[in-house]
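Here is the structure we will look at.
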């Protein structure tokens, strides 16, 4: 039976996980976007060898389920770091790596493969004739990037980047597999205490919807502001 009386206590309980979830999501989004941008630039410029490595990277991380990558990172990262530290003669306890750091690394690696496609698409939409025109006006490569290329590709990429952020939010629900508590995991833990699972999950849905609404509105405002400037 649906119980309205548990909604408010459950709301505050699940609310505790919102700042942590957003902090992890923002961190993953920023790092994966920067890494994806670098991968896209390498592929766009067709840099030998590196381009082939980028293609292999994208195929690998777009093909393997995120939950598999999470477990590979959970069991493999400490061993890899321990081995590297031993080779360098540095004594560290890699097994003490916090699980939240592992989930950030694992999801960043996965999302970067998709972000690379977003940035690549934005780069391909750029008219190369503008580069020639800018150079004819005496623009340096740095000025070309700052004043012409970047403003246009970021406008083209904003809708997909906003979608990527929400993909990260949903992917973080997998973090509970290695005992990292996000919004969904907190809903599970809260419901396990009082057995009102429907109420807890509905509250989690509301949080996700509010975050999605805010992200969409912010992305729309940024895109509109940049279009005016360009």
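Residue numbers (the UniProt record's numbering): 1 to 230. Each residue gets a CB set at the ideal place from its N, CA and C atoms; glycine is no exception.
Spatially closest choice to residue 7 from 67, 205 and 116, by CA coordinates: The count along the chain shown starts at 1 and reaches residue 7 at position 7. The option with the nearest alpha carbon to residue 7 is 205.
Alpha helix (DSSP H) runs wholly inside the segment 131 to 211, at least 4 long, in chain order: 141 to 144, 150 to 171 and 183 to 194
Proximity test, residue 212 beta-carbon vs the ligand HEM heavy atom, cut-off 7 Å: Looking for the ligand HEM in the displayed structure turns up nothing, as the structure carries no ligands at all.
Proximity of residue 178 and residue 102 at Cβ, strictly below 8 Å: By one-based count along the chain shown, residue 178 stands at place 178. By one-based count along the chain shown, residue 102 stands at place 102. Cβ atoms of residue 178 and residue 102: closer than 8 Å.
Run of the alpha helix (DSSP H) containing residue 10, from where it starts to where it stops: Here residue 10 refers to the residue found at position 10 when the chain shown is read from its first residue. Where residue 10 is concerned, the enclosing alpha helix (DSSP H) stretches over 7 to 15.
For residue 91, the three-state DSSP class (helix, strand or coil): Position 91 of the chain shown, counted from the first residue, corresponds to residue 91. Residue state, collapsed to three classes: coil.
Secondary structure of residue 32, DSSP reduced to three states: Within the chain shown, the letter at position 32 stands for residue 32. Three-state result, residue 32: helix.
Local conformation of residue 86 per DSSP, three classes: Indexing the chain shown from 1 puts residue 86 at position 86. Reduced to three states, the DSSP call for residue 86 is helix.
Assumed close pair residue 54, residue 34 - CB separation to whole angstroms, cut-off 8 Å: As a working note, residue 54 is residue 54 in the chain shown. As a working note, residue 34 is residue 34 in the chain shown. That pair is no contact at about 15 Å.
Unbroken alpha helix (DSSP H) run spanning residue 46, endpoints: To locate residue 46, count along the chain shown from 1; it is residue 46. Run containing residue 46: none; DSSP gives neither H nor E here.
Where residue 19 sits in the DSSP three-state scheme: Sequence index remark: in the chain shown, residue 19 carries index 19 (1-based). Helix at residue 19.
Residue 183 vs residue 165 beta-carbon contact at 8 Å: Along the chain shown, one-based indexing puts residue 183 at 183. Along the chain shown, one-based indexing puts residue 165 at 165. Going by C-beta atoms, residue 183 is not nearer than 8 Å to residue 165.
Residue 58 beta carbon less than 8 Å from that of residue 113: Here residue 113 corresponds to residue number 113 of the chain shown, with the count starting at 1. Here residue 58 corresponds to residue number 58 of the chain shown, with the count starting at 1. Against a cut-off of 8 Å, the Cβ pair of residue 58 and residue 113 comes out as a contact.
Contacts around residue 13, its chain only, beta-carbon distance under 6 Å, and the 5 residues preceding and following it disregarded: On the chain shown, position 13 is the one that residue 13 refers to. Hits under 6 Å: 190.
Cβ pair residue 111, residue 32 closer than 8 Å: Counting from one through the chain shown, the residue named residue 111 turns up at place 111. Counting from one through the chain shown, the residue named residue 32 turns up at place 32. It is a contact, given that the beta carbons lie within the stated cut-off.
Exposure of residue 92, with buried meaning 16 or more beta-carbon neighbours within 10 Å: The count along the chain shown starts at 1 and reaches residue 92 at position 92. Answer is exposed; the Cβ neighbour count stays below 16.
Euclidean distance between Cα positions of residue 52 and residue 200: In the chain shown, counting from the first residue as 1, residue 52 sits at position 52. In the chain shown, counting from the first residue as 1, residue 200 sits at position 200. Cα to Cα, the separation comes out at about 46 Å.
Same chain, Cβ closer than 7 Å to residue 27, neighbours up to 5 away in sequence not counted: Numbered from its first residue, the chain shown carries residue 27 at position 27. Counting only Cβ-Cβ distances below 7 Å, and skipping sequence neighbours, we find 104.
C-beta neighbour in chain C for residue 60, strict 8 Å: As a matter of chain content, chain C is missing from the structure shown, which is built from one protein chain.
Span of the alpha helix (DSSP H), counted from its first residue to its last, around residue 4: Within the chain shown, residue 4 is the residue found at index 4, counting from 1. Segment: none, residue 4 is in no alpha helix (DSSP H) and carries neither H nor E.
Closest residue to residue 159 among 209, 123, 100 and 223 (Cα-Cα distance): Translated into the one-based positions of the chain shown, residue 159 becomes position 159. Closest by alpha carbon: 223.
Cβ-based burial, residue 196 [other Cβ within 10 Å; buried from 16]: Working through the chain shown from its first residue, we reach residue 196 at position 196. Answer is buried; the Cβ neighbour count reaches 16.
Best match in 210, 163, 216 and 194 for proximity to residue 29 [C-alpha to C-alpha]: Here residue 29 is taken as the residue at index 29 of the chain shown, counted from 1. Closest by alpha carbon: 163.
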